[in-house]
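Going letter by letter, the sequence shown gives residues 11 to 262 in this note's numbering.
This report refers to the structure that appears directly beneath it.
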Amino acid sequence: MFTCSIDDGHPSDLKTAELLSKHGLSGTFFVPIRNCEGDAVLPDEEIRELGRRFEIGSHTMDHRYLKKVDIWHAYHQIMDGKKYLEDVLGRPVNGFCYPGGRYKRRDVELVHACRFTYARTTMNLCFGAGNRPFEMPTTLQFYPHDRSVYIRNFAGSGNWLDRTAGLQLALQHGDWIKRLYAMFDYAVRTRGVFHLWGHSKQFDELNAWKQLDEFFGHVARHVTAQDRLSNEELAIRSLWVPDARTPVAESA
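Structure, rendered in structure tokens:
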């Protein structure tokens, strides 16, 4: 199964969306309403445009690192971001992503209390969706990280047994594009999950659109249409989250 998630709601997300659509792939865009770091964000009309083709998830109101704020500020960042997006889109927003991957156990509980159904982290090197609905891991970020980044993430994020194969593959390849293909091909061979994530702004800065386009083409050749998922569909497929589209019979 393949899923892709893109963070921060940068205007270049529309270009990423075009490449996903070109190859018939699905994905999720985690969008803040403003960015306290000063980066541009999608205006409401472009959020609606993106939401007609892809899942939109929340990324707080202002892209605040929740670990750095008090509980009331964290609550309002989580809740207000969700409500704003729901007003823009006219439908529920079920997915959340922790800005910078920096959060406390308190924040996991707040996300649950705010009636999200799942949340995504920046834990990498995983070839499955995990077993914690509000701490979904990823496989790889589309970025030329040094090997030391993977070692630090591995050491600091836990779940080591399930991530050992991913770490070994990441360390085998110094070239980040070769690493990307090697890890994806491993997921295909083992019938696992490959969860790619990144930032459209960085794709621009790296001038990596051609590489992304080629990789999406490789994915489309190896993953059947039914296994090209949004983050929410992956959560449902992983049996964490009931499919909201399926009516639940009331008990007598």
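Backbone N, C-alpha and C define an ideal beta-carbon position, used for all residues, glycine too.
The structure displayed is predicted, hence computed values, not measured ones.
Between the CA atoms of residue j and residue i - distance to the nearest angstrom
i      : j      : result
GLU242 : ASP185 : 31 Å
ASN134 : ARG201 : 18 Å
GLU260 : ARG101 : Confidence is the limiting factor: at GLU260 the pLDDT is only 31, short of 50, which leaves the residue's position unreliable, though a coordinate-based value still follows. Rounded to the nearest angstrom, the two C-alpha atoms are 23 Å apart.
CYS14  : ASP172 : 20 Å
LEU10  : LEU60  : Since the first residue shown for the chain is 11 and the last is 262, residue 10 is missing from the structure and cannot be characterised.
TRP219 : PHE213 : 6 Å
LYS78  : ARG63  : 34 Å
CYS107 : HIS86  : 15 Å
GLU215 : HIS228 : 23 Å
ALA197 : LEU239 : 15 Å
GLY67  : ASP195 : 28 Å
LEU177 : ILE161 : 7 Å
ALA50  : ASP80  : 26 Å
VAL98  : GLU55  : 8 Å
PRO109 : LEU76  : 7 Å
ALA129 : TYR94  : 18 Å
HIS20  : TYR191 : 26 Å
ILE187 : THR149 : 14 Å
HIS183 : PRO147 : 21 Å
GLU224 : ALA175 : 25 Å
ARG159 : ASN217 : For the sequence presented, residue 159 should be read as Val rather than Arg. Cα to Cα, the separation comes out at about 21 Å.
ASN104 : ARG231 : 30 Å
VAL251 : PRO143 : 8 Å
LEU179 : GLU47  : 33 Å
LEU120 : LYS32  : 37 Å
TRP82  : GLY34  : 41 Å
PHE3   : ARG247 : Since the first residue of the chain shown is 11 and the last is 262, residue 3 is not available in this structure.
SER22  : LEU52  : 9 Å
Backbone secondary structure at residue i - three-state DSSP
i      : result
PHE225 : helix
ALA192 : helix
SER68  : strand
MET89  : helix
LEU285 : Any property of residue 285 remains undetermined from this structure, which presents the chain solely from 11 to 262.
LEU95  : helix
ARG199 : helix
LEU150 : strand
ARG231 : helix
ARG101 : coil
VAL251 : coil
ARG238 : strand
PHE144 : coil
VAL215 : Note on identity: in this sequence residue 215 is Glu, with Val being the wrong assignment. Note: GLU215 maps to helix in three-state DSSP.
ALA175 : helix
GLY48  : coil
ALA139 : coil
HIS327 : The chain is shown only over 11 to 262; residue 327 falls outside these bounds and no answer can be derived.
HIS73  : coil
PRO257 : For PRO257, the pLDDT reaches just 37, beneath the cut-off of 50, and the residue's location in the model is therefore unreliable, although a value from the coordinates is still provided. PRO257: coil per DSSP, three-state reduction.
GLY166 : helix
MET11  : coil
Identity of the residues DSSP links to residue i by a beta bridge
i      : result
GLY208 : ILE16
TYR160 : According to DSSP, which records beta bridges pairwise, TYR160 is partnered with nothing at all.
PHE106 : SER68 and ALA129
The alpha helix (DSSP H) enclosing residue i, as first and last residue numbers
i      : result
VAL118 : 115-123
THR26  : 23-32
ASP54  : 54-61
LEU244 : 241-247
Residue range of the unbroken beta strand (DSSP E) whose run includes residue i
i     : result
THR38 : 38-41
Distance cut-off 7 Å: residue i Cβ against heavy atoms of the ligand NAD
i      : result
VAL198 : Within the structure as shown, the ligand NAD is missing, as the structure has no ligands at all.
Can you confirm whether the segment 80-90 touches the segment 59-72 when touching is taken to mean that 3 or more C-beta pairs between the two stretches lie within less than 8 Å? yes
Three Cβ pairs or more, each shorter than 8 Å: is that satisfied between the segment 160-180 and the segment 208-226? At 8 Å Cβ cutoff, the stretches do not touch.
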